[in-house]
Amino acid sequence: MNDGPLFEVKNLQKNFGGLSVTDNVSLSLVPGDRLALIGPNGAGKTTFVNLVTGNLAPNSGSVHLAGQDVTRSSAMQRVRLGLVRSFQVTRLFYDMTPEEHVALAVLQREGRSGRMIGQFRSMPTVMDEAREILHLLGLLELSQFKVREIAYGQQRLLEIALAMALRPKVLLLDEPAAGVPQSETARIEHALDKLPADLAVMMIEHDMDLVFRFAKRVIVLAAGTVIFDGSPQDVTQDARVREAYLGSYANASSAA
Amino acid sequence: MQTVFSIAVDALAYGMVLFVISIGLSVTMGLMRVVNLAHGAFAMIGGYIASYAARDLGLGYAVAVLLAVVGTVLIAIPVERFLYRRIYGAPELTQVLMTIGITFCIIGIANFAFGPTLKTIPLPEALRGSVDLGFRSIATHRLFAIVCGLVVAAALWVLIERTAFGIKLRAAVDNAAMAAALGVRTEIIYAVSFAVAIGLAAFGGVVGAELLPVEPYYALRYMVTFLVVVSVGGAGSIPGALMACLLLGAIDTTGRYLAPEYGEFFFYLAVIVIVILFPRGLAGRFK
Amino acid sequence: MAVTMHDPMTADKTRRRTITGSLIGIAAIIIVGVIGYFLFPNNLALLTRIIAIALLVLSIDLVTGYCGVATLGHAALFGAGAYAAGIAAAHYGITDPVLMTLIGALAGALAGLVSGLIILRAHGLPQLVLSIAVIHLFHEAANKASSWTGGSDGLSGIAPDALLGLFEFDLWGRTAYVYGLFLLVVVVILLQVLVRSPFGMLARGVREDPLRISAMGASVKSVLIRMYVISGVVAGIGGALNAISTQVVGLDSLSFTLSAEALVMLVLGGTGSLYGALVGTVTFLWFEDVVSAANPFHWLTMVGALLIAVVLFAPKGLYGTAAHLLGRIGGERR
Amino acid sequence: MKKLVTATIAAVIFSSAAYADTIKVGVVGPFSGPFALQGKNFKAGIDAFFALNGNTVGDDTIEVIYRDVPQADPAQSKALAQELVVKEGVQYLAGFYFTPDAMAATPILEQGNVPMVVMNAATSAIVTKSPYVVRTSFTTWQTSTPIAKVAKDAGVTKVISLVSDYGPGVDAENAFKAAFEKVGGQVVEAIRMPLSTNDFSPIMQRVKDSGAEGVFAFLPSGPTTLGFVKAFNENGLKDGGIKLFAPGDLTQESDLPALGDAALGVQTTFHYAVSHDSPENKSFVEAAQKAIGNPAELSFPSVGAFDGMYVISKMIEATGGEQDAAKAVEAVKGLSWTSPRGPVTIDPESRHITQNIYLREVAKADDGTYYNKEIQTFENQGDPGLAAAK
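Protein chains in written order, with numbering that gives the first Met the number 0: chain A, 0 to 255; chain B, 0 to 286; chain C, 0 to 333; chain D, 0 to 389.
Have a look at this one:
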């Protein structure tokens, strides 16, 4: 691997019609980074995520992963190169069990998901790893239930489990605590603590408590541009951030 | 050059006949999200009623058309109440199963009640014969079909875009729960839209009977054509359906003129190309 | 590892339970097949036909039930198998039934690849329309190539050799039936393995949420294409069986009508389960046979009524609803 | 289980013993579906035969078992034919509206020791598929050949041929072309139209552009003929003096009420018109119309079925009710009788029916109904299609 950053976005630009939704955004991540991306509603966070993951094509700028230019790569190829995301609204297979979910992710990572004979249950390495991950996130007791039968908070944990099973280099968490009752956010935080130390994590989150507890670095996006990049301690002191958040976001964060 | 004009006129007439029959299906599929394979069956019922009224009872053409539309809607109301209402929002495959079942039943009953022979609807004197366009002659009833198509398109557009009913309908389609919360009685809205769609089917069945003759298997014979037209146009879009009918009518007619033995190939190849280029239907682009 | 010690039993139990389930299912097919043989010794031609169509319905289930791709053009795969086996026998003198079956499977796979590549370019209703266009193109092509296919007169002159050199395809249709039953059992066993395999799991994932599958780094399109090819093999075997047992292939085997009927059978039985496909086929064809023999003139109305009744009273299909009810009773007991 | 097997065996023995004096005839045809009308005509012809001749031959009683194949579906046809032979124990197979359905059942005949009497399917080659096939209907070659001479006699030398793009259509095109060129005519263009054609206007445009003086057309009887004939008139071809020639499928009696004035004057050649003037036909039509219910639905398949039953009754007579396909077929080779359509003979070599082909013109009767009026007779026509294939 070369000496450059693990993940880098250079001058990313996306316009819808005449409107710049992502305006000349640059940022980079190194292994072990814990970055939170925040910003008021309509700041362009979702568009940015889609640009990074490859679900949208930028008008200009580039995305680099492990020294490789992936701007033109599909979402699938980026995952295979180590850029994994979780979804803001849970996207799971409701008729399958957590065990099957994680096993499928493990198999996919190992390039064995296309196998047409045998069951993962008779593949000891896959089973061991799947159960280990489920155990780590406290989902082992639920491993044989259908996902539609388990609580939403646990479904969010399963999202994280899936991401972990893919052993990413860069993990993009899209509001991991969205929709989870306050009483259960502790479990999410607990899960986040268990992410591998050398993994670079970028989290988009509204819950400021979670941001402050998790992030070592914060980037604030407003109207499509980066207005702040620094430590969590400084972010509340920054004049531009306060300006961007006054009104709209102050209410939203207390509601979250 | 004369040939080109001539083909164009044929294409227009054929496309408009398709339009009059299919537009009702576009309403049910696009606005009510029901894959109604029985649409052709209702068009057929309209044709039977009109044929019975005009040929066997000797009533006038206009009366027959009116009876056909009203009669078909009356038949459709209990069907909607007891069968269709169960499949609103159901998976597509379930809707397919139900509406094919309804089609089979209607075919069986029509066969039993009216026999398997062709049924015609005698045209009034004014629509018989041909009109000389200068470079060729065209059957008067085809001009009539073109006019009907335009009138239907305009009336529907006004109904959906410009009336209170249209607003409620679009609201109910976008978000049924919200519309209900705002006091829109969605059940009634759906029932009325269904009746309008069925009425259009019956009307189309009668107006198009010169080209697509009425017989028990009408319901299955043209089912695919209607489905293709609606989906190529983009379900629920009136301009889309109009464009699709004219385009597919033109392709079909030209293919049939230039190379009749490969007519089917042309038509379905064109369908594949159009669907791949406009996966959300012709009107999808302009939304 | 410590973790695996927690409950090594559960997974093992699940695995054993699914394997037992499969064995029971296979045994049921064989038992029903054998009972059919002795109970209706004079109806074996009909039973063979049911098996051939069942293979087509199973093949639709693979793409519709397991991957969520709705299609009204699947007879293209079945017809390709039938015509390939028939042409091999009638024009090239390849009359060994096993070889004909293999040729049919291969042609089905090829047809699956071609129609998959076209149909998977769209979703939802437009996809349905693409599948309709594909089956019409196949149908037209077979009609045009009448020197190969016999056109609308049908391809005749197919005279398969004795199976393994021992068993003649006789008037009573015993050989054809036993061979068909054997093929069906083999296919069902292989498909059982397939749907429980990692690939089968991936396919179910595609049905439930394609976006999630691609976020896991898997290619949705590649899964679907592969499944289409497999589905083509299954349908192609069905087509070849049809060609072998009836010794003639008609344009109807490449028709929209057959595609639509087969889809109806699948939904009738219940999508997403191999047994649903089998139950649907047997019920539909058996019902059709009984009612149309009782009243050849107006049986269609009865079939229509059956379909409506199923939607109203068994919305998950016959097998799906039965399995659901049994599951609920079982659940209460637990 | 053992009990069940015993019961089944008993049932089989019982049923096989039962046909000592009941001779079963299995009839396969389209009794539902888009072609149900033609199946209805099969049944009407058979019922008319029983009404006029009774259902007994000697001390044997004929029983007819119907099986439905709604659309051309050889696999289903074969399965049903097989079931009829092995389960129902029929001694004769009959019916078959579509060629592939008939072809599919031919391999059964020798093994099952069962003759097949084809009551409609009109492709020449069927009789070559098995020595046990006898046909009492017609072939497309047989009905399409004489019209060539009619066209020539009408002073037409340039003809455009329009046929539906499937087996019988291609047969008709070839038959007409061969016969028309023989008498010195010229087929300027031959167009095959998809079976699914709804709008024939563009094809009529082709006719205009071709400069032909006449049109030869073949379309299967049913809904499309209506659109075709109307398009022919509405596009000004009829007024333009272009003549329409066709075999009689285009103007079958059951379609005439729908075609109405549009078909007036259309000349077709065919083996049978319901209006045929003979005592045999008068009594046949009376019985058949009664059997079919609605007199307007009576059409040509009924006469094929009627004569088919006649042939079967002769076969039963010759074999004394014993199952002997070879003897039965041998007995009717060269058989001549007066059918409702006129004098006919089973050609001993081809086992196809030799018959008169009539030129007819659609005319309006005094009561306002339409009929095919016979105006010329081509006597003793064999099947030129078989000769052409050799």
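Yeah, the Cβ is synthetic: ideal placement off N, Cα and C, and Gly gets one too.
* **Reduced DSSP secondary structure (H/G/I, E/B, other) of LYS86 (chain D)** => coil
* **6 Å Cβ shell around SER136 (chain B) - same chain, five flanking residues per side excluded** => SER129
* On the three-pair Cβ rule with 8 Å, is the stretch 175-184 of chain B touching the stretch 224-244 of chain A? -> no
* List the residues that DSSP assigns as beta-bridge partners of SER136 (chain B). => B:ASP131
* Contacts of ALA257 (chain D) in chain B (Cβ-Cβ under 8 Å) -> THR116, LEU117, LYS118, THR119, PRO212
* Asked: At a Cβ threshold of 8 Å, is SER15 (chain D) touching chain C?
  -> Since pLDDT at SER15 (chain D) reaches only 45, below the 50 mark, its modelled position is unreliable, and the value read off the structure follows with that caveat. No, SER15 (chain D) lies away from the interface with chain C (no Cβ there is under 8 Å from its Cβ).
* To do: Leaving aside the five residues before and after SER130 (chain C) along the sequence, list all residues of the same chain whose C-beta is less than 6 Å from its C-beta, in chain order.
  => THR70, LEU71, GLY72, ILE118
* Using a Cβ cut-off of 7 Å, pull out every chain B residue sitting near LEU129 (chain C), in sequence order please. => ILE271, VAL274
* To do: Report back the beta-carbon spacing between TYR227 (chain C) and LEU112 (chain C) to the nearest angstrom; my notes put them in contact at under 8 Å.
  => 7 Å
* Going straight from the alpha carbon of THR196 (chain D) to that of THR223 (chain D), what length do you get? -> 7 Å
* Quick one: list the residues of chain C neighbouring THR98 (chain D), beta-carbon separation under 9 Å, in chain order. => SER151, ASP152, GLY153
* To do: Measuring alpha carbon to alpha carbon, tell me which of D:SER298, D:ILE202, D:LYS77, D:PHE305 ends up nearest PHE49 (chain D).
  => D:PHE305
* To do: Kindly indicate if chain A contains any beta-carbon less than 8 Å away from that of VAL228 (chain C).
  => no
* To do: Please confirm if ARG80 (chain B) has its CB atom under 8 Å from at least one CB of chain D.
  => no
* Asked: Who are the Cβ neighbours of ILE122 (chain B) in its own chain at under 7 Å, not counting the five residues just before and after it?
  -> It should be noted that the sequence gives Leu, not Ile, for residue 122 (chain B). Hits under 7 Å: TYR60, HIS140.
* Report the three-state DSSP secondary structure of LEU263 (chain A) (helix, strand or coil). => This structure gives no information on residue 263 (chain A), because the portion of chain A shown stretches from 0 to 255.
* Asked: Relative to chain B, which residues along the stretch 269-291 of chain C have a C-beta separation below 8 Å, given in chain order?
  -> THR270
* For chain B, find out if any of its Cβ atoms is closer than 8 Å to the Cβ of GLY226 (chain D); answer yes or no. => yes
* Asked: Hey, how far is the Cα of VAL56 (chain C) from the Cα of ILE352 (chain D)?
  -> 43 Å
* Rounded to a whole number of angstroms, what is the C-alpha to C-alpha distance between ALA17 (chain D) and ALA47 (chain D)? -> Confidence at ALA17 (chain D) is low in this model, with a pLDDT of 42, below 50, so the placement of that residue is unreliable and no value is reported for it.
* Which listed residue (C:VAL177, C:GLY172, C:ALA53) has its alpha carbon closest to that of LEU79 (chain D) -> C:GLY172
* Hey, how far is the Cα of LEU80 (chain A) from the Cα of TYR244 (chain A)? -> 36 Å
* To do: In angstroms with no decimal places, state the Cα-to-Cα distance between LEU82 (chain B) and VAL205 (chain B).
  => 25 Å
* To do: Return the CA-CA distance between SER335 (chain D) and GLY341 (chain D), expressed in angstroms with no decimal places.
  => 11 Å
* **Close beta carbons around VAL125 (chain A), own chain, < 7 Å, minus the five adjacent residues each side** => ALA102, VAL105, LEU106, PHE119
* Cut-off 7 Å between Cβ atoms - residues of its own chain near PRO167 (chain A), not counting five sequence neighbours on either side -> GLY81, LEU82, VAL83, LEU198
* Among D:VAL27, D:THR105, D:GLN354, D:ALA262, nearest to PRO295 (chain C) - alpha-carbon criterion -> D:VAL27
* Asked: Using Cβ-Cβ distances below 9 Å, what residues of the stretch 101-130 of chain C are close to chain B?
  -> ILE117, ARG120, ALA121, HIS122, GLY123, LEU124, PRO125, GLN126, LEU127, VAL128, LEU129
* Asked: Which residue from A:MET95, A:GLN153, A:ARG33, A:ASN58 puts its Cα closest to that of ASN14 (chain A)?
  -> A:ASN58
* **Interface residues of the stretch 292-304 of chain C facing chain B [CB-CB below 9 Å]** => PHE296, HIS297, TRP298, LEU299, THR300, MET301, VAL302, GLY303, ALA304
* Asked: Near TYR248 (chain A), which residues of its chain fall below 6 Å by C-beta distance, leaving aside the five closest residues on each side in sequence?
  -> Only weak support is given to the placement of TYR248 (chain A): the predicted model assigns it a pLDDT of 45, under 50, and the value that follows is read from those uncertain coordinates. Around TYR248 (chain A): PRO39.
* To do: Verify whether the separation of the beta carbon atoms of ASP72 (chain D) and GLY249 (chain C) is less than 8 Å.
  => yes
* Is the CB of LYS42 (chain D) under 8 Å away from at least one CB in chain B? -> no
* Asked: Going by beta carbon distance, what residues of the same chain come within less than 7 Å of ALA161 (chain C), once the five residues before and after it are set aside?
  -> GLU167
* To do: Identify each residue in the stretch 274-297 of chain D for which the Cβ-Cβ distance to at least one residue of chain B is less than 9 Å, and report them in chain order.
  => GLY292, ASN293, ALA295, GLU296
* Short check: CB of GLY262 (chain B) to CB of PRO193 (chain D), under 8 Å? -> yes
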